[in-house]
Amino acid sequence: MTEQVAGNGLLNRRGLLKATGTGLAGGVLIPVMAPVSAAEDWMTTSGAPMDEYGAPSKHARLKRVNIGAHPYGSGAGSSSTPLEKLNGTITPNSLHFERHHSGIPDIDPARHTLTIYGETNKKLQFSYEDLLAYPMETHTYFLECSGNSYSNVIFPEAADKTVGELNGLVSCSEWTGVPLHYLLDEAGLNSNANWIVGEGADAAGLTRSIPMKIATKNVMIALFQNGEPLRPAQGYPMRLFVPGSEGNISVKWLQNIKVQKTAAYTKDETSKYSDLHVDGKADMFSLEMGVKSLITSPSGKMKLNRKGVYEVSGLAWSGAGGINQVEVSADGGNSWATAALQSEHRNLSLMRFRIPWRWEGQPAVLQSRATDDKGNVQPTRAAALAKYSKSNIYHYNGTQSWQVTQAGVVKNVYA
Amino acid sequence: MFTRNCLVVNHLGRVCLALLVTFVVNQAHAGNNQDNLGVHLKPALGQTPNLHIDNIVSPDGLALPDGSGSAAEGKTLYISACASCHGMSGMQPGNEVAGGKGSIGTDSPFKTVGSYWPYATTLYDYIARAMPYDKQKSLTVDETYAITAYVLELNQIIKKDDVMDKHTLPKVVMPNADGFNELN
Numbered sequence: 001m002t003e004q005v006a007g008n009g010l011l012n013r014r015g016l017l018k019a020t021g022t023g024l025a026g027g028v029l030i031p032v033m034a035p036v037s038a039a040e041d042w043m044t045t046s047g048a049p050m051d052e053y054g055a056p057s058k059h060a061r062l063k064r065v066n067i068g069a070h071p072y073g074s075g076a077g078s079s080s081t082p083l084e085k086l087n088g089t090i091t092p093n094s095l096h097f098e099r100h101h102s103g104i105p106d107i108d109p110a111r112h113t114l115t116i117y118g119e120t121n122k123k124l125q126f127s128y129e130d131l132l133a134y135p136m137e138t139h140t141y142f143l144e145c146s147g148n149s150y151s152n153v154i155f156p157e158a159a160d161k162t163v164g165e166l167n168g169l170v171s172c173s174e175w176t177g178v179p180l181h182y183l184l185d186e187a188g189l190n191s192n193a194n195w196i197v198g199e200g201a202d203a204a205g206l207t208r209s210i211p212m213k214i215a216t217k218n219v220m221i222a223l224f225q226n227g228e229p230l231r232p233a234q235g236y237p238m239r240l241f242v243p244g245s246e247g248n249i250s251v252k253w254l255q256n257i258k259v260q261k262t263a264a265y266t267k268d269e270t271s272k273y274s275d276l277h278v279d280g281k282a283d284m285f286s287l288e289m290g291v292k293s294l295i296t297s298p299s300g301k302m303k304l305n306r307k308g309v310y311e312v313s314g315l316a317w318s319g320a321g322g323i324n325q326v327e328v329s330a331d332g333g334n335s336w337a338t339a340a341l342q343s344e345h346r347n348l349s350l351m352r353f354r355i356p357w358r359w360e361g362q363p364a365v366l367q368s369r370a371t372d373d374k375g376n377v378q379p380t381r382a383a384a385l386a387k388y389s390k391s392n393i394y395h396y397n398g399t400q401s402w403q404v405t406q407a408g409v410v411k412n413v414y415a
Numbered sequence: 001m002f003t004r005n006c007l008v009v010n011h012l013g014r015v016c017l018a019l020l021v022t023f024v025v026n027q028a029h030a031g032n033n034q035d036n037l038g039v040h041l042k043p044a045l046g047q048t049p050n051l052h053i054d055n056i057v058s059p060d061g062l063a064l065p066d067g068s069g070s071a072a073e074g075k076t077l078y079i080s081a082c083a084s085c086h087g088m089s090g091m092q093p094g095n096e097v098a099g100g101k102g103s104i105g106t107d108s109p110f111k112t113v114g115s116y117w118p119y120a121t122t123l124y125d126y127i128a129r130a131m132p133y134d135k136q137k138s139l140t141v142d143e144t145y146a147i148t149a150y151v152l153e154l155n156q157i158i159k160k161d162d163v164m165d166k167h168t169l170p171k172v173v174m175p176n177a178d179g180f181n182e183l184n
């Protein structure tokens, strides 16, 4: 007998493995003396040889979604991580979301330099080889585009899409690089050094300003992602990485860091990544990403093909720090149960949560609600929207709701 | 070193344990003081660059280059280099640079250079680094000032014959200059 911990079928985590009698078990008992089967080709002929750089199984059909292109140039736009296809917390490099403003440059690291100048004692230039000689740090961090989940903001009716299509402008990697403060210390900061301005070497020359108190905290010049040199789409040979902040500020293809008394007020931090309120005032430099969570399974466009116990699983994160708690509801927010948290990387990283749920064909609305270690609680969709002007698509962290119909169809809804 | 010592003194379990404890404590100490690594391993490889141009223009205009242009000069350039994406009057949907005056505090805010951008210097900085799309950084300094001036004139912020340069551009007051909260 499994213990119900909230309405509409949510079960105690410890009950999951005992719940086999109620339908979780899909396994079939195999006789101990089963004969060796040779029914499949891969059992009777030798397989493929080794290769230089591996690829996923073609049967897994892994690919980025929402590959959008600017009408005036194919390089500008974004692509999203297929969150529904992944488990655990690390995003494979090939599936990390992308956002480019003038395409992906093909940079020869031997012809690329990083220069630190402005309000410093010295103007210093570093080659890629130079940076490889510095002490590095490795941390697991999420990266989220400030415009993630915009479909749930702008469409009056909830779009029938997958969780990756709706919310896949978030990914998580192990990043390795040189702490920025080593280089700032070497250049020597003047008393007016209140901001750094990072500039990319791409055709867009993307440029963003970062307050010094953030820049000297845990910002790194990232050189490796999940163990390999950065991919071109993620800033090869080097990028800024600003943990917990909106993705746009982690400037890719970094070539200049100008230290200044004021911000530069670039196009991307004034006209674009600023958050408009109903009173007509907009927030600039609202960098921290809010506490957020999503159920990735079951999720949009999936179908429950059997009755019984399912594991509800998803991701939670916060730009303020770590995740303390994720609650899950199966009745549209009337009752909540605490999910199990499963990730060794807790600070500024994706957290995987899981909870068992019994579905016997009843209608349901599945939701999750995260609380971070600073006490911030993820808002409802209505509360998240009320914060800003209707036109604002940035920093949306409202609840994601999945309706499950009696036929087992899972659909994005506003609830 | 640790392993070899451990093998040598294998019969003395207590010594091995003591070494292990020391090793673990040292490791924990290193983990808590990652900065120490930077102090001890300071490569200091930064070099003074031979040639480096400051391309990042802020509202103080200090990084603006010598040169100038007016809206009258910019009109022809805008029509040939910009209008295909931004529209003849700067109001091509999705790529608007003009219009939307007074709309920002309404139910239908229409964000353009004239209605939303807080600083005119940002326009020069952005055109110089990122426009025209697919011919980035192809404009001369004078052409960049002239197109900047023309976009400002399309928004009725300056007059047709006003000359924009490193002294005049930072003095242009944008209509929505007070529309922003700085840091929260």
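The listed protein sequences correspond, in order, to chains E and D.
Using this note's numbering, read the first sequence as starting at 1 and increasing by one per residue.
Using this note's numbering, read the second sequence as starting at 1 and increasing by one per residue.
From the three backbone atoms N, C-alpha and C, an ideal C-beta is built for every residue, glycine too.
None of the values given here were measured: they were computed from a predicted structure.
Cβ of residue i within 8 Å of any chain E Cβ
i, result
"Q27 of chain D", "Low local confidence applies: a pLDDT of 41 at Q27 of chain D is under 50, so the model's placement there is unreliable, and no value is given."
"E182 of chain D", "yes"
"I79 of chain D", "no"
"A44 of chain D", "yes"
"I56 of chain D", "yes"
"A72 of chain D", "no"
"G90 of chain D", "no"
"A186 of chain D", "Outside the displayed span of chain D (1 to 184) sits residue 186 of chain D, for which this structure offers no information."
Cα-Cα separation, residue i to residue j
i, j, result
"I295 of chain E", "D372 of chain E", "17 Å"
"A203 of chain E", "V251 of chain E", "13 Å"
"R129 of chain D", "K111 of chain D", "21 Å"
"G77 of chain E", "L169 of chain E", "12 Å"
"D162 of chain D", "A63 of chain D", "21 Å"
"L183 of chain D", "A382 of chain E", "25 Å"
"H96 of chain E", "E73 of chain D", "45 Å"
"P49 of chain D", "T207 of chain E", "21 Å"
"L24 of chain E", "G398 of chain E", "Since pLDDT at L24 of chain E reaches only 48, below the 50 mark, its modelled position is unreliable, and no value is offered."
"K137 of chain D", "W357 of chain E", "57 Å"
"Q378 of chain E", "Y414 of chain E", "15 Å"
"S401 of chain E", "N8 of chain E", "15 Å"
Closer than 8 Å to chain D by CB, residue i
i, result
"E199 of chain E", "yes"
"L223 of chain E", "no"
"F97 of chain E", "no"
"Q260 of chain E", "yes"
"F126 of chain E", "yes"
"E186 of chain E", "yes"
"S349 of chain E", "no"
"K292 of chain E", "no"
DSSP beta-bridge partners of residue i
i, result
"Y119 of chain D", "D:V173"
"R369 of chain E", "E:E327"
"Q260 of chain E", "E:W195"
"K292 of chain E", "E:W317"
"Q47 of chain D", "E:Q125"
"R346 of chain E", "According to DSSP, which records beta bridges pairwise, R346 of chain E is partnered with nothing at all."
"T140 of chain D", "Per DSSP, none; premise fails for T140 of chain D."
"Q403 of chain E", "E:V365, E:K411"
"A337 of chain E", "E:V328"
"R208 of chain E", "E:G198"
"H139 of chain E", "E:W175"
"R239 of chain E", "E:A222"
Delimiting residues of the beta strand (DSSP E) encompassing residue i
i, result
"I355 of chain E", "351-359"
"M220 of chain E", "220-225"
"H100 of chain E", "98-100"
"S89 of chain D", "That residue, S89 of chain D, is in no beta strand (DSSP E); it is neither H nor E in DSSP."
"G77 of chain E", "77-79"
"A6 of chain E", "4-6"
Residue i: contacting residues in chain B (beta-carbon distance under 7 Å)
i, result
"F285 of chain E", "The chain labelled as chain B is not found among the protein chains of the depicted structure, namely E and D."
Supposed close pair residue i, residue j - CB separation, criterion 8 Å
i, j, result
"N392 of chain E", "D275 of chain E", "5 Å"
"G314 of chain E", "S368 of chain E", "5 Å"
"P82 of chain E", "V65 of chain E", "5 Å"
"P105 of chain E", "A201 of chain E", "6 Å"
"G319 of chain E", "M289 of chain E", "3 Å"
"Y116 of chain D", "I104 of chain D", "6 Å"
"T120 of chain E", "C172 of chain E", "At roughly 33 Å, the Cβ-Cβ gap does not stay under 8 Å, so T120 of chain E and C172 of chain E are not in contact."
"H395 of chain E", "S293 of chain E", "Between S293 of chain E and H395 of chain E the Cβ distance is about 15 Å, and since that is not below 8 Å, they are no contact."
"A430 of chain E", "N412 of chain E", "With chain E covering 1 to 415 only, the question about residue 430 of chain E has no answer from this structure."
"E144 of chain E", "N226 of chain E", "With a Cβ gap of about 17 Å, E144 of chain E and N226 of chain E do not count as contacting."
"T140 of chain D", "M164 of chain D", "Not quite, the Cβ-Cβ distance comes to about 14 Å (not below 8 Å), so this is no contact."
Endpoints, the alpha helix (DSSP H) within which residue i is located
i, result
"C85 of chain D", "83-86"
"W175 of chain E", "No alpha helix (DSSP H) contains W175 of chain E, which is instead part of the beta strand (DSSP E) from 170-179."
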